[in-house]
Amino acid sequence: MTAWNPDAVRLRRMTVADLDGVLAVERRAFSAPWSRQAFLSELVDNHFARYIVMEYEGRIIGYAGVWLIVDEGHVTNIAVDPDFQGRHLGDKLMRALITMCIAHRARRMTLEVRVSNTKAQNLYKKYGFVGVGIRKGYYTDNLEDALIMWADLPPAGWDVETWVWAETRAEARADTLCDARADVRGGRERSNAHLGD
Ligand SMILES: CC(C)(COP(=O)(O)OP(=O)(O)OC[C@H]1O[C@@H](n2cnc3c(N)ncnc32)[C@H](O)[C@@H]1OP(=O)(O)O)[C@@H](O)C(=O)NCCC(=O)NCCS
């Protein structure tokens, strides 16, 4: 492979012709990979499903999918080839899914993730997903529990960058407020303590 060039990474809609490349990544990325038939029926039969692939120098190196149902986006799958992980390509796929959901006027997104998969959970948390519950024994290969995560989306017209920026600002403001309240409380306690002296 030539020197890594992130500008050469492309995203596009997945087609049936991509399935060999997608399955190669799927088998390398997951301990219990989806079958060709599972992908095929998503692409051909499931009208709620939207899948994208990520290409680099003619090779499929990642993909992601979502079901768009009324005002919700349900993330079904996301993977980056292990050779390419840790280069913010998971971020890129996640942003693409969120952009697609916002464009379809989804108001919320949800997903399930293995409780042991902290890498993926960290990725989701970056985009506002929070854990809301557990599905016991959800994964049939080892009966591992799934963490159910949800995120609220901004209204149509917002882009992911603006949204992440606004969320981060809101969190920072909340932290500052908490700090300020703690300072005020601390000050009051200190001054009360002083009064009581
Ligand atoms: C989960 C996955 C899609 C992430 O893709 P990636 O390209 O490796 O991740 P990125 O480089 O885009 O990192 C995005 C964020 O993920 C988290 N992350 C990535 N690698 C991590 C690691 N080794 N440890 C902890 N968190 C990690 C971080 O929050 C990171 O953001 P930061 O670098 O700003 O802190 C990828 O690791 C993967 O395909 N895993 C196997 C399949 C899978 O588990 N899919 C999810 C099923 S629910």
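Numbered by full-length UniProt numbering, the letters in the sequence shown go through residues 1 to 197 in order.
Every residue, glycine too, gets a C-beta built ideally from N, C-alpha and C.
Contact test: residue i Cβ vs ligand 1 heavy atom, cutoff 8 Å
{"i": "glycine 86", "result": "yes"}
{"i": "glycine 62", "result": "yes"}
{"i": "glutamate 112", "result": "yes"}
{"i": "asparagine 122", "result": "yes"}
{"i": "leucine 11", "result": "no"}
{"i": "threonine 118", "result": "yes"}
{"i": "leucine 93", "result": "yes"}
{"i": "valine 66", "result": "no"}
{"i": "isoleucine 102", "result": "no"}
{"i": "valine 80", "result": "yes"}
{"i": "asparagine 77", "result": "yes"}
{"i": "alanine 29", "result": "yes"}
{"i": "glycine 128", "result": "no"}
{"i": "leucine 89", "result": "yes"}
{"i": "residue 198", "result": "No information on residue 198 is available, as it lies outside the stretch 1 to 197 that the chain covers here."}
Beta-ladder partner(s) of residue i, from DSSP
{"i": "tyrosine 51", "result": "Gly65"}
{"i": "tryptophan 165", "result": "Tryptophan 165 pairs with nothing; no bridge assigned."}
{"i": "glutamate 144", "result": "For glutamate 144, which the question treats as bridged, DSSP gives no partner whatsoever."}
{"i": "arginine 107", "result": "Partner(s): none; arginine 107 has no beta bridge."}
Neighbourhood of residue i by C-beta distance below 6 Å, restricted to the same chain and skipping five residues each side
{"i": "alanine 29", "result": "Ala79"}
{"i": "valine 115", "result": "Asp145 and Leu147"}
Straight-line Cα distance separating residue j from residue i
{"i": "tryptophan 165", "j": "phenylalanine 129", "result": "15 Å"}
{"i": "histidine 47", "j": "tyrosine 124", "result": "25 Å"}
{"i": "tyrosine 63", "j": "tyrosine 51", "result": "7 Å"}
{"i": "alanine 3", "j": "glycine 90", "result": "20 Å"}
{"i": "arginine 188", "j": "threonine 118", "result": "Its pLDDT being 47, under 50, arginine 188 is placed unreliably by the model, and the measurement read from it follows with that caveat. Rounded to whole angstroms, arginine 188 to threonine 118 spans 40 Å at the Cα level."}
{"i": "serine 191", "j": "glutamate 171", "result": "With a pLDDT of 41 at serine 191, under the threshold of 50, the predicted position of this residue should be treated as unreliable, though the coordinate-derived value follows. Going from the Cα of serine 191 to the Cα of glutamate 171 covers about 29 Å."}
{"i": "valine 22", "j": "threonine 110", "result": "23 Å"}
{"i": "glycine 65", "j": "threonine 76", "result": "5 Å"}
{"i": "threonine 162", "j": "glutamate 72", "result": "20 Å"}
{"i": "glutamine 121", "j": "valine 25", "result": "20 Å"}
{"i": "valine 44", "j": "threonine 168", "result": "39 Å"}
{"i": "alanine 193", "j": "alanine 96", "result": "Low local confidence applies: a pLDDT of 41 at alanine 193 is under 50, so the model's placement there is unreliable, with the coordinate-based value given in what follows. Distance between the alpha carbons of alanine 193 and alanine 96: 55 Å."}
For residue i, three-class secondary structure by DSSP
{"i": "asparagine 117", "result": "coil"}
{"i": "glycine 21", "result": "helix"}
{"i": "methionine 14", "result": "coil"}
{"i": "aspartate 152", "result": "strand"}
{"i": "alanine 79", "result": "strand"}
{"i": "tyrosine 127", "result": "coil"}
{"i": "arginine 135", "result": "strand"}
{"i": "arginine 27", "result": "helix"}
Beta carbon proximity, residue i to chain D, threshold 9 Å
{"i": "arginine 108", "result": "Protein chain content of the structure displayed is limited to a single chain, and chain D is not contained in it."}
Own chain partners of residue i with C-beta closer than 7 Å, once the 5 adjacent residues on each side are dropped
{"i": "aspartate 141", "result": "Ser31 and Ala32"}
8 Å Cβ shell around residue i - same chain, five flanking residues per side excluded
{"i": "tyrosine 56", "result": "Ala8, Val9, Arg10 and Phe84"}
{"i": "leucine 143", "result": "Gly137"}
{"i": "tryptophan 150", "result": "Arg108, Met109, Thr110, Phe129, Val130 and Val132"}
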